[in-house]
Amino acid sequence: MNSKQILLALIVPITWGLGFTLAKIGMEQFPALLIMTIRFGIAGLILVWFTKPPWGYMREIFVVALIGSTIQYGLTYNGLKGIDASTAAILVQLEGPILAIMGAFLLKEKLGITRVLGMGLAFIGVLIIAGEPRLDGHLDSVILLIAGSAVWAVAQIMISRLKDLSGITILAWVAIMATPQMFVASLLIENGQWLAITTASFTDWSIILYLALIMTVLGYSVWYHLLSSVDVSKVSPFLMLLPITSIIAGIVLLDEKLTSSMILGGLLIMSGVASTLISWNFPRKQINL
49 MNSKQILLAL IVPITWGLGF TLAKIGMEQF PALLIMTIRF GIAGLILVWF TKPPWGYMRE
109 IFVVALIGST IQYGLTYNGL KGIDASTAAI LVQLEGPILA IMGAFLLKEK LGITRVLGMG
169 LAFIGVLIIA GEPRLDGHLD SVILLIAGSA VWAVAQIMIS RLKDLSGITI LAWVAIMATP
229 QMFVASLLIE NGQWLAITTA SFTDWSIILY LALIMTVLGY SVWYHLLSSV DVSKVSPFLM
289 LLPITSIIAG IVLLDEKLTS SMILGGLLIM SGVASTLISW NFPRKQINL
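Going left to right, the sequence shown walks through residues 49 to 337 as the numbering used here numbers them.
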């Protein structure tokens, strides 16, 4: 990767990590699915002008939007509401190991001993974090976050089969499809939507604009650009910086505390995630006879 690509790769974990923490602040005013409805509605209306309608794939994209956005964000962000952003950002990193496991079972991909051991480390890290005293009574939030990671992994496998579509096309039309889905889901299971909208402050709307314009439009556009120009094995490790951004933002903006259990569990999870993202190809020494 050249210096420009490295700088672009750094944009992704910074924008996504900060957005994760800001979303928690935003949910103090807006219900989880409502804030996602507005976020993806704005992003979709912007991105749709840069791509043509994928008419032959509308059914597949509708299902991807339902699973990968409506259900996934409903689980993940309701889980985020119950625990601090730092812990949630670390737990969400299980998306990588879970995706690797599903790839092995559904796509017959080979894991290898390094990835298997790494996934074991990641899940041990989760147990250490889940055992923290401050999470007593909040294990339902932990379960929601892990379930959201699993649903995300299912959606990524579905997206991987849409090989004829560009990343921006998928992002734009998933956002368009997910917006009404999330709105209906919000009406069914949430309340106080109109009050939240009419009493929202400038700060509340600024957070939504950040989630829509910076985290989604900018962050995902850069991510898909990198995936099309750089090997996945080279760019994916940058995602491990995401929880670091969220942890720093949580400490600065929410006065969250970083405990020894979080540090130990986080290091185990990050090490495990690294084993699923990085291709461990060790050069063999040649022996001259």
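Glycine is no exception: its CB is placed at the ideal position from the N, C-alpha and C atoms.
Computed from a predicted model, the values in this text were never measured in an experiment.
**Asked** Mind checking residue 50: buried by the 16 CB within 10 Å criterion, or exposed?
**Response** exposed
**Asked** Taking Cβ to Cβ, would you say residue 120 is nearer than 7 Å to residue 196?
**Response** yes
**Request:** Quick one: grab the DSSP three-state call for residue 76.
**Result:** coil
**Request:** From the DSSP output, in three-state form, read off residue 333 for me.
**Result:** Below a pLDDT of 50, predicted positions are generally treated as unreliable, and residue 333, at 39, falls in that range; no measurement from the model is reported.
**Asked** Considering only residues of the same chain and omitting the five flanking positions on each side of residue 206, which have a CB-CB separation below 6 Å?
**Response** 112
**Message:** Tell me which residues share the same chain as residue 304 and place their Cβ nearer than 7 Å to its Cβ, disregarding the 5 neighbours each side in the sequence.
**Reply:** 132, 133, 134 and 298
**Request:** Can you give me the start and stop residues for the alpha helix (DSSP H) that residue 234 sits inside?
**Result:** 215-237
**Message:** How far does the alpha helix (DSSP H) with residue 112 in it extend, from its first residue to its last?
**Reply:** 106-113
**Asked** How big is the Cα-Cα spacing for residue 270 and residue 215?
**Response** 10 Å
**Request:** Answer yes or no: do residue 226 and residue 118 have a C-beta to C-beta separation smaller than 7 Å?
**Result:** yes
**Request:** Using three-state DSSP, classify residue 145 as helix, strand or coil.
**Result:** helix
**Asked** What residue does the alpha helix (DSSP H) around residue 135 start on, and which one ends it?
**Response** 133-139
**Asked** Looking only at its own chain, which residues have a Cβ that is under 8 Å from the Cβ of residue 74, when we skip the five neighbours before and after it?
**Response** 83, 252, 255, 256 and 259
**Asked** Excluding the five sequence neighbours on either side, which residues of its own chain have a C-beta within less than 7 Å of the C-beta of residue 110, listed in chain order?
**Response** 225
**Request:** Taking residue 357 as the reference, give the member of 317, 266 and 295 with the closest Cα.
**Result:** The chain is shown from 49 up to 337; residue 357 falls before or after that span and cannot be answered.
**Asked** Buried or exposed: where does residue 277 fall if 16 or more other Cβ atoms within 10 Å of its Cβ makes it buried?
**Response** exposed
**At least three beta-carbon pairs within less than 8 Å, the region 286-302 to the region 56-72** = yes
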